[in-house]
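A.B. asks: Numbering (full-length UniProt numbering), first residue to last: 1 to 240. Even glycine gets a Cβ: it sits at the ideal position worked out from N, Cα and C. Here the structure is a predicted model, which means the values were calculated and not measured. Below: one structure in structure tokens.
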Amino acid sequence: MAEPRCETFIFLDLEATGLPNVHPEIAEISLFAIHRFSLENPEKDESGTLQLPRVLDKLTLCMCPERDFTPKASEITGLSNQNLTNNCKPGFDRTVVKALQEFLKRQEAPICLVAHNGFDYDFPLLRTELQRLGADMPDGTLCLDTLPALKGLDKGHHHSTRASHSKKSYSLSNLYRQYFNDEPKAAHSAEGDVYTLVMVFLHRAQELLQCFATEAQSWDEIQPMYISTHRRRSSQGHND
DNA sequence: TGCCAGGCCCTCTTTAGGGCCTT
């Protein structure tokens, strides 16, 4: 089997109505598509500080879920059923799928989705929403989760030393603070978190690209978080 | 009233418990 390799990295983050225990629905999705070239040739300013690549495609969409936000989810995302309804946002429907698919079509294949804790949260939830609409990602799509990838890299580096570092937090915001000695911007907006994710990735890009073959999974291996059974009022699906 | 994740990893471990990480 050929080693997995991808040409475009799709950094993504979801804001949703809660954690997996409440069977959440997506309320905001943001994707930054960055070509391998820009990750291998990072841009820096005069002071040598890493910069977000100038050439990137972005897609950010808000959508009103049918399920209620948990109070905590509403608090940290700033999203609510009320403000999404006030802004007349439809739910995660076929127009979202279409926009997503057209966005991905612009990117050189194969593509790899990248998310922090993606294997346990973003990817399964996205699969649940797509599956409800009978949709899927493009063939050959790969996935990378920066959480286990970065833990694995650090573990490898400190293989023979005592592990006082092992207690350090690998939350996205703490990684950003650690790498850039600065507070993450716009935490818990989908776009803000994708920015933070890209910068964290860039800081370790060489290593992450090197371990890609062992850390990446096929999208086909991602199981849905849960099987969605409800039908949307706006859905064109048949009744049975 | 209960319902209310789960795979991974660490350690005071393996006859287990608990925290992390995502909203």
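Return the Cβ separation of Leu-202 and His-116 in integer angstroms, given the expectation that the two are a contact with Cβ distance under 8 angstroms.
C.D. replies: Under the criterion of beta carbons closer than 8 angstroms, Leu-202 and His-116 do not qualify as touching, at roughly 14 angstroms.
A.B. asks: What's the call for Ile-227, buried or exposed, on a 16-neighbour Cβ count within 10 Å?
C.D. replies: Residue burial is scored here from C-beta neighbours: Ile-227 has fewer than 16 other C-beta atoms within 10 angstroms and is therefore classed as exposed.
A.B. asks: Are Pro-17 and Phe-92 close, meaning C-beta to C-beta below 8 angstroms?
C.D. replies: Note that residue 17 corresponds to Thr in the displayed sequence, not to Pro. Against a cut-off of 8 angstroms, the Cβ pair of Phe-92 and Thr-17 comes out as no contact.
A.B. asks: From this set, Leu-147, Glu-7, Ser-74 and Arg-204, which residue's C-alpha is nearest Lys-105's C-alpha?
C.D. replies: Glu-7
A.B. asks: Can you name, in chain order, every residue of its own chain whose Cβ lies under 8 angstroms from the Cβ of Arg-36, other than the five neighbours on each side?
C.D. replies: So the qualifying residues of the chain are Cys-6, Glu-7, Thr-8, Phe-9 and Leu-209.
A.B. asks: Take the Cβ of residue 242 as the centre, count every other Cβ of all protein chains shown within 10 Å, and call the residue buried at 16 or more, exposed below.
C.D. replies: No information on residue 242 is available, as it lies outside the stretch 1 to 240 that the chain covers here.
A.B. asks: Tell me where the alpha helix (DSSP H) around Ala-115 begins and ends.
C.D. replies: Counting along the chain, Ala-115 falls outside any alpha helix (DSSP H), though it belongs to the beta strand (DSSP E) covering 111-115.
A.B. asks: Rounded to whole angstroms, what is the Cα-Cα separation between Lys-89 and Val-194?
C.D. replies: 21 angstroms
A.B. asks: Report the three-state DSSP secondary structure of Asp-220 (helix, strand or coil).
C.D. replies: helix
A.B. asks: Out of Met-199, Gly-118 and Thr-77, which has the shortest C-alpha to C-alpha gap to Ile-144?
C.D. replies: The amino acid at residue 144 is misidentified as Ile; the sequence shows Leu. Answer by Cα proximity: Gly-118.
A.B. asks: What are the start and end residues of the alpha helix (DSSP H) that includes Phe-123?
C.D. replies: 122-132
A.B. asks: The alpha helix (DSSP H) spanning Ser-30 covers which residue range?
C.D. replies: DSSP places Ser-30 outside any alpha helix (DSSP H); the residue lies instead in the beta strand (DSSP E), whose first and last residues are 26-35.
A.B. asks: What first and last residue would you give for the alpha helix (DSSP H) that runs through Ala-99?
C.D. replies: 94-105
A.B. asks: Helix, strand or coil, according to DSSP, for Lys-89 in the structure here?
C.D. replies: In the structure shown, Lys-89 adopts coil according to DSSP, grouped into three states.
A.B. asks: Cα separation between Tyr-176 and Arg-204?
C.D. replies: 11 angstroms
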